[in-house]
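For reference, each letter of the sequence shown is one residue, going 1 to 324 in full-length UniProt numbering. Note that CB positions come from ideal geometry on N, CA and C, so glycine has one too. In what follows, a structure is listed as structure tokens, so that the remarks can point back to it.
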Amino acid sequence: MLDTLPLLLKTNFPPLRRGRLSTLQANLGYRCNQACLHCHVAASPKRTEEMAWETMLLMLEFAKHQGIRQFDLTGGAPELNPNFRRLVLAARAQGIQVIDRCNLTILNEPGQEDLADFLAENGVEVVASMPCYLEENVNRQRGDGVFESSITGLKKLNALGYGMAGSGRVLNLVYNPGGASLPPDQVKLEAAYKTELATRYGIVFNQLFALANMPIQRFGSQLLASGQYEPYMALLKSAHRDDNLDGVMCRSLLSVGWQGEVFDCDFNQMLGFPLGGKQAKHLRELVTVNLENQPIFIADHCYGCTAGQGSSCGGALETSLAAA
Numbered sequence: 001m002l003d004t005l006p007l008l009l010k011t012n013f014p015p016l017r018r019g020r021l022s023t024l025q026a027n028l029g030y031r032c033n034q035a036c037l038h039c040h041v042a043a044s045p046k047r048t049e050e051m052a053w054e055t056m057l058l059m060l061e062f063a064k065h066q067g068i069r070q071f072d073l074t075g076g077a078p079e080l081n082p083n084f085r086r087l088v089l090a091a092r093a094q095g096i097q098v099i100d101r102c103n104l105t106i107l108n109e110p111g112q113e114d115l116a117d118f119l120a121e122n123g124v125e126v127v128a129s130m131p132c133y134l135e136e137n138v139n140r141q142r143g144d145g146v147f148e149s150s151i152t153g154l155k156k157l158n159a160l161g162y163g164m165a166g167s168g169r170v171l172n173l174v175y176n177p178g179g180a181s182l183p184p185d186q187v188k189l190e191a192a193y194k195t196e197l198a199t200r201y202g203i204v205f206n207q208l209f210a211l212a213n214m215p216i217q218r219f220g221s222q223l224l225a226s227g228q229y230e231p232y233m234a235l236l237k238s239a240h241r242d243d244n245l246d247g248v249m250c251r252s253l254l255s256v257g258w259q260g261e262v263f264d265c266d267f268n269q270m271l272g273f274p275l276g277g278k279q280a281k282h283l284r285e286l287v288t289v290n291l292e293n294q295p296i297f298i299a300d301h302c303y304g305c306t307a308g309q310g311s312s313c314g315g316a317l318e319t320s321l322a323a324a
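Here you go:
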């Protein structure tokens with residue numbers, strides 16, 4: 001697989017420093033029931049890496065000392081980690097909000113038939129991958145049958161109150177472009193999603209997060225192979241907005257790998273860039289350390305977070321461009 005890593009290191013991206021830490025984002029493992037082309041983790045059913053319970057206990061201890069308010073659980077399919085539910089229960093008992101980065105199809109996998117009920121019973125916020133409201137586009141990006149299974153998963157969540165006004169059960173969807181382009185205006189796209197999914201399938205949800213594809217891992221390799229890497233990077237850089245710098249996720253989030261090593265963000269984790277660009281640190285070394293105002297390691301892929309409306313784990317950073 002072609003690698004964009006050497007090309008990313010030479011950058012003129014503006015320097016960044018950490019703000020107050022509020023979220024611990026943890027990759028619970030690379031195993032997934034899907035193998036999507038745009039996946040920056042290169043997850044698949046063949047991967048075996050998974051976080052151990054001892055590391056999860058360390059996350060809970062870190063959260064107590066640091067005042068962490070939110071766990072953002074990702075993968076792979078985080079639910080495939082055998083200790084996923086145990087971690088959710090422990091975090092909720094500690095008063096920590098939990099986000100599950102769910103691919104929807106996992107809700108229909110053998111052995112996961114009660115997963116949606118578990119998430120609802122424990123007040124877990126679901127952030128679900130849904131790259132389009134059209135079947136052909138979703139299956140082209142994620143594989144045959146994924147759209148139908150995703151719709152089934154969404155209907156399960158809706159039946160439990162997810163996405164319903166006043167239910168308190170939050171269901172947000174995630175859009176990624178199908179190729180080397182910026183996401184469209186998030187506000188307008190969300191309106192289209194809500195209309196189409198409600199009209200066609202009776203599905204409702206809270207918000208849509210529009211995320212840019214990062215020029216790393218599988219997608220980066222695809223860009224290089226097709227000769228689109230340089231044009232895509234030029235697009236990201238030309239659309240960079242300084243106004244987005246204050247809202248990028250790495251200023252308030254810490255990323256934890258499946259082995260407990262710590263990174264500035266999930267993308268830096270996948271690229272192997274340690275926290276602040278220094279020698280790799282394990283979470284156990286940072287339990288009582290104040291990370292505020294510490295430098296963040298940057299490279300050219302960071303433009304993917306500041307281009308256009310901006311892109312973070314919570315979607316667009318600037319949603320008023322269309323109205324400006």
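| Item | Value |
| --- | --- |
| In the DSSP assignment, the beta strand (DSSP E) including residue 102 goes from what residue to what residue? | 97-102 |
| Can you give me the Cβ contacts of residue 20 inside the same chain, cut-off strictly under 7 Å, excluding the 5 residues immediately before and after it? | 252 and 292 |
| Could you tell me which uninterrupted alpha helix (DSSP H) segments, each at least 4 residues in length, are contained entirely in the stretch 159-243, listed from first to last along the chain? | 186-201, 217-225 and 229-238 |
| Under three-state DSSP, which class holds residue 25? | strand |
| Can residue 301 and residue 16 be called in contact, C-beta distance under 8 Å? | no |
| Provide the residue span of the beta strand (DSSP E) that contains residue 70, from first to last. | 70-74 |
| If you draw a straight line from the C-alpha of residue 295 to the C-alpha of residue 237, how long is it? | 22 Å |
| Starting from residue 121 and walking both ways along the beta strand (DSSP E), at which residues does that stretch end? | Segment 115-121 is the alpha helix (DSSP H) holding residue 121; no beta strand (DSSP E) there. |
| What is the rounded straight-line gap between the Cα of residue 167 and the Cα of residue 100? | 18 Å |
| Tell me which residue opens and which closes the alpha helix (DSSP H) that residue 341 is part of. | No answer is possible for residue 341: it lies beyond the span of the chain, which begins at 1 and ends at 324. |
| From this set, 73, 219, 202 and 182, which residue's C-alpha is nearest residue 27's C-alpha? | 73 |
| Taking the straight line between their C-alpha atoms, what separation do you get for residue 109 and residue 190? | 28 Å |
| Would you call the stretch 113-125 in contact with the stretch 160-179, where contact means no fewer than 3 C-beta pairs closer than 8 Å? | yes |
| Go ahead and label residue 94 buried or exposed: buried means 16 or more other beta carbons lie within 10 angstroms of its beta carbon, across all protein chains shown. | exposed |
| Spell out the partners DSSP gives residue 281 in its beta bridges. | 262 |
| Say whether the stretch 215-228 touches the stretch 280-291, bearing in mind that this needs 3 or more beta-carbon pairs closer than 8 Å, one atom from each stretch. | no |
| Quick one: using the 10 Å Cβ neighbour count with 16 as the cut-off for buried, is residue 240 buried or exposed? | buried |
| Would residue 185 and residue 309 qualify as a contact pair, given that the criterion is a beta-carbon distance under 8 Å? | yes |
| Tell me whether residue 7 sits in a helix, a strand or coil according to DSSP, three-state version. | helix |
| Tell me where the beta strand (DSSP E) around residue 253 begins and ends. | 253-256 |
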